[in-house]
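All the letters of the sequence shown, read from the start, carry residue numbers 3 to 409 under this note's numbering.
In this text, a Cβ means the ideal position worked out from N, Cα and C, and glycines have one as well.
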Amino acid sequence: MPISYFIPDWDDRVDPNYDFLADKHTPRRNPYHDDRYAHEIYAPNPLYDGVLLSRAVIDDAGKKLEHLMSSQSVHTYLRLPSTYKVLGDCGAFSYWEEEVPPYSTSDMVSFYEILGFDYGVSIDHLILAHADAERRRRQELTLSNAADFLAEHNQECRFIPIGVAQGWNPASYCYAVKKLLQMGYTYLALGGLVRSTTEQILAILQTIKPELQANTQLHLFGVSRPEYVETFAQLGVTSFDSTSRLRRAWMDGRRNYFLGNMTFSAIRVPDAHRLVKKKPTIDQDVALHLEQIALSALRTYGANKAAENLEEVLAAVLAYAELADQVTTHTRSDYRETLVRRPWDYCKCAICEAIKVEVLIFRGNNRNRRRGFHNTWQLYKQLHGYEQELPPPLNAADALEQHALRL
Ligand SMILES: [Zn+2]
3 MPISYFIPDW
13 DDRVDPNYDF
23 LADKHTPRRN
33 PYHDDRYAHE
43 IYAPNPLYDG
53 VLLSRAVIDD
63 AGKKLEHLMS
73 SQSVHTYLRL
83 PSTYKVLGDC
93 GAFSYWEEEV
103 PPYSTSDMVS
113 FYEILGFDYG
123 VSIDHLILAH
133 ADAERRRRQE
143 LTLSNAADFL
153 AEHNQECRFI
163 PIGVAQGWNP
173 ASYCYAVKKL
183 LQMGYTYLAL
193 GGLVRSTTEQ
203 ILAILQTIKP
213 ELQANTQLHL
223 FGVSRPEYVE
233 TFAQLGVTSF
243 DSTSRLRRAW
253 MDGRRNYFLG
263 NMTFSAIRVP
273 DAHRLVKKKP
283 TIDQDVALHL
293 EQIALSALRT
303 YGANKAAENL
313 EEVLAAVLAY
323 AELADQVTTH
333 TRSDYRETLV
343 RRPWDYCKCA
353 ICEAIKVEVL
363 IFRGNNRNRR
373 RGFHNTWQLY
383 KQLHGYEQEL
393 PPPLNAADAL
403 EQHALRL
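Next comes the structure, spelled out in structure tokens:
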């Protein structure tokens, strides 16, 4: 069975009727009601197995708690079909500096139960301290919260309880895992590993593996390198959450569009009005002119598979990138590779099929977040063994050109 993938909820939505040609939102739209989550854009096909909703994120975001409570259920609030699972936790990263977590066990149990979470995680406290006594205090606090959580979780509760293990090295994680299993948990989660290296995570998983029972489920919180999840799965991990692929769409300056195991650079064409606002020395008329030339060159090239004007398109996007001061040593070869290989023609996801080359344009939320949704779809497909068709290798002339540009 493939590992289950949860996506943390950070209000990632897009305007479903965004006008890409005019770069305009749907008139009079209400972002909460009218914008769409990734699972709505891709419906009826899933691109994750569930959503991770953190209590702290809800509490911190103005009207979010109000919306959630008035929806009466997390599935309604997230507009999620019941085939998707919702995993709740406290969001320990938001209170790690506090002496103790700001929530009580009975409060969290009723929060999960009333709102219809599928899984609820016990109250944990991150161990980021170096002093031994403080590490142990936080670990014991997390374990005693887990014991209380299970005691509070009575037979009428419909959500499945998950006990969290916090630690600072393989032995301490193993100690926590053993304690949770003794308490009676069958679903465990490992917390505090967001900043750990793959080697450190593997060492912890290898140490705890002999302790896990045949029916033990294991969640890994915050996996920043989803390419390793299959290795983690072999070591007993049954679920994980990650926003890595989604966020890379706009946080990674170069490798921000995934196609199977290949990555491509989206081409930056920033909004000219915003660009001039940020850099008032740029002539507005020149910026608007070069922006439109770049966009229209990309659109014509994107729509025409037999396009032969690669160098012209490259020149147009680079001219605007130079004006915007966005040309680095890699830009020319990165953009050229994207244009030569045309990855948007190979992805079968709903977004790429609908907007084609627009998804490869680095510009504003509606393109960048859609690219993140596409990346998430690619990851989910990969986890399910989908063989993504890839662009053919570069021909000799293009390969030479790319090589020369990289020198
Ligand atoms: Zn796609």
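> What is the DSSP secondary structure of VAL288, counted as helix, strand or coil?
Replying inline: Position 286 of the sequence shown holds residue 288. Looking at VAL288 - three-state DSSP - the assignment turns out to be helix.
> CA-CA distance, ILE363 and ALA401?
Replying inline: Residue 363 sits at position 361 when you count from the first residue of the sequence shown. Residue 401 sits at position 399 when you count from the first residue of the sequence shown. Those two C-alpha atoms are separated by around 23 Å.
>> On the CB-based measure, 16 or more other CB atoms within 10 Å of its CB, does TYR34 come out buried or exposed?
In response: For the purposes of this step, residue 34 is taken as the residue at position 32 of the sequence shown. When all chains shown are included, TYR34 counts as exposed.
>> Let me confirm a value: TRP170 is counted as buried when at least 16 other C-beta atoms fall within 10 Å, else exposed. Which label applies?
In response: In the sequence shown, residue 170 corresponds to position 168, counting from 1. TRP170 is buried by the Cβ-count criterion.
> Candidates THR209, HIS127, GLY387 and LYS383: which alpha carbon is nearest CYS92's?
Replying inline: The residue you call residue 92 lines up with position 90 of the sequence shown. CYS92 has its Cα closest to that of HIS127, out of THR209, HIS127, GLY387 and LYS383.
> Quick one: what's MET264 bridged to in DSSP?
Replying inline: Mapped onto the sequence shown, residue 264 falls at position 262. Answer is LEU261.
> Is VAL102 helix, strand or coil when you go by DSSP?
Replying inline: To locate residue 102, count along the sequence shown from 1; it is residue 100. Reduced to three states, the DSSP call for VAL102 is coil.
> Could you check where the beta strand (DSSP E) with TYR34 kicks off and where it finishes?
Replying inline: Within the sequence shown, residue 34 is the residue found at index 32, counting from 1. TYR34 -> not in any beta strand (DSSP E); alpha helix (DSSP H) instead, spanning 33-36.
> Along the chain, which unbroken stretches of the beta strand (DSSP E) at least 3 residues long are found entirely within the region 124-191?
Replying inline: 162-167
> From what residue to what residue does the beta strand (DSSP E) around SER6 run?
Replying inline: Numbered from its first residue, the sequence shown carries residue 6 at position 4. Counting along the chain, the beta strand (DSSP E) containing SER6 begins and ends at 6-10.
>> If you reduce the DSSP assignment to three classes, tell me which class GLN74 lands in.
In response: Counted from its first residue, the sequence shown places residue 74 at position 72. Looking at GLN74 - three-state DSSP - the assignment turns out to be coil, as it is neither helix nor strand.
> Taking ILE269 as the reference, which of ARG344, SER72 and TYR86 has the closest Cα?
Replying inline: For this step, residue 269 is matched to residue 267 along the sequence shown. Ranking the options by Cα distance to ILE269, first place goes to ARG344.
> Relative to ligand 1, is the shortest distance from any of its heavy atoms to the C-beta of CYS354 smaller than 6 Å?
Replying inline: As a working mapping, residue 354 is identified with position 352 in the sequence shown. Correct: CYS354 has its Cβ closer than 6 Å to ligand 1.
>> Please tell me whether VAL319 and ALA289 are closer than 7 Å, where the distance is taken between their beta carbons.
In response: The residue labelled residue 319 in the question sits at position 317 within the sequence shown. The residue labelled residue 289 in the question sits at position 287 within the sequence shown. No, they are not a contact pair.
>> Using 8 Å for Cβ pairs, my map puts GLY262 next to LEU392. What's the rounded Cβ distance?
In response: One-based indexing of the sequence shown puts residue 262 at position 260. One-based indexing of the sequence shown puts residue 392 at position 390. Right, their Cβ atoms sit about 6 Å apart.
> Quick one, which of HIS405, GLY374, GLU142 and VAL111 has its alpha-carbon nearest LEU152's?
Replying inline: By 1-based counting over the sequence shown, the position of residue 152 is 150. With distances taken between Cα atoms, LEU152 lies closest to VAL111.
> Rounded C-beta distance between GLY224 and VAL179? I'm assuming under 8 Å.
Replying inline: Mapped onto the sequence shown, residue 224 falls at position 222. Mapped onto the sequence shown, residue 179 falls at position 177. Not really, about 18 Å apart at Cβ, beyond 8 Å.
> Which one or two residues does DSSP pair with VAL329 in a beta bridge?
Replying inline: In the sequence shown, residue 329 corresponds to position 327, counting from 1. According to DSSP, VAL329 bridges with nothing at all.
>> Only counting the same chain, and skipping five residues up and downstream in sequence, which positions put a Cβ closer than 8 Å to that of ILE162?
In response: Here residue 162 refers to the residue found at position 160 of the sequence shown. Closer than 8 Å at Cβ, skipping near neighbours: ASP120, TYR121, GLY122 and TYR189.
> Hey, VAL315 and LEU300 are a contact pair by Cβ (cut 8 Å); roughly how many whole angstroms apart?
Replying inline: The sequence position of residue 315 within the sequence shown is 313, counting from 1. The sequence position of residue 300 within the sequence shown is 298, counting from 1. The Cβ separation is near 6 Å, so the contact holds.
> So, are the CB atoms of GLY165 and LEU182 less than 7 Å apart?
Replying inline: Looking up residue 165 in the sequence shown gives position 163. Looking up residue 182 in the sequence shown gives position 180. Contact flag set, yes.
> Roughly how many angstroms lie between the CA atoms of SER241 and THR283, to the nearest whole one?
Replying inline: Taking the first residue of the sequence shown as 1, we reach residue 241 at position 239. Taking the first residue of the sequence shown as 1, we reach residue 283 at position 281. Approximately 50 Å between the Cα atoms of the pair.
>> Under 6 Å: does the beta carbon of CYS176 sit that close to some heavy atom of ligand 1?
In response: As a first step, residue 176 is located in the sequence shown; it is residue number 174 there, counting from the start. Flag unset: Cβ of CYS176 not near ligand 1.
> Helix, strand or coil: how does DSSP classify GLY366 here?
Replying inline: Against the sequence shown, residue 366 aligns to sequence position 364. Here GLY366 sits in helix by DSSP.
> Can you tell which of LEU23, ASN19 and ALA40 has its C-alpha closest to the C-alpha of ARG30?
Replying inline: As a working mapping, residue 30 is identified with position 28 in the sequence shown. Measuring from the Cα of ARG30, the nearest candidate turns out to be ASN19.
> Taking 6 Å as the cut-off, does the CB of HIS386 come closer than this to any heavy atom belonging to ligand 1?
Replying inline: For the purposes of this step, residue 386 is taken as the residue at position 384 of the sequence shown. Checking the Cβ of HIS386 against ligand 1 gives no.
> Candidates ALA323, ARG227, LEU407 and TRP346: which alpha carbon is nearest ARG338's?
Replying inline: Within the sequence shown, numbered from 1, the residue matching residue 338 stands at position 336. Of the listed residues, the one whose Cα sits closest to ARG338 is LEU407.
> Does at least one heavy atom of ligand 1 sit under 6 Å from the Cβ of CYS92?
Replying inline: In the sequence shown, counting from the first residue as 1, residue 92 sits at position 90. Checking the Cβ of CYS92 against ligand 1 gives no.
>> Give me the residue from GLN74, VAL88 and SER84 with the minimum Cα distance to PRO10.
In response: As a first step, residue 10 is located in the sequence shown; it is residue number 8 there, counting from the start. Looking at the Cα atoms, VAL88 is the closest of the given residues.
> To the nearest angstrom, how far is it from the Cα of PRO104 to the Cα of PRO394?
Replying inline: Taking the sequence shown and counting its residues from 1, the one referred to as residue 104 is at position 102. Taking the sequence shown and counting its residues from 1, the one referred to as residue 394 is at position 392. Rounded to the nearest angstrom, the two C-alpha atoms are 54 Å apart.
> beta strand (DSSP E) containing LYS87: first to last residue?
Replying inline: Counted from its first residue, the sequence shown places residue 87 at position 85. Element bounds for LYS87: 87-91.
>> Looking only at its chain, what residues have a beta carbon closer than 8 Å to the beta carbon of ARG140, apart from the 5 residues adjacent to it on each side?
In response: As a working note, residue 140 is residue 138 in the sequence shown. Hits under 8 Å: HIS127, LEU128, ILE129, ALA131 and GLN168.
>> If contact is defined by three or more beta carbon pairs under 8 Å, each pair taking one atom from either stretch, is the region 319-328 in contact with the region 347-360?
In response: no
>> Using C-beta distances below 6 Å, list every residue in its chain close to THR265, excluding the 5 sequence neighbours before and after it, in chain order.
In response: Taking the first residue of the sequence shown as position 1, residue 265 is located at position 263. Closer than 6 Å at Cβ, skipping near neighbours: ARG257.
>> Beta-carbon within less than 7 Å of THR200's beta-carbon, same chain only, minus the 5 sequence neighbours each way: which residues are those?
In response: Start at 1 with the first residue of the sequence shown, and residue 200 comes out as number 198. Here the set comprises ARG227 and TYR230.
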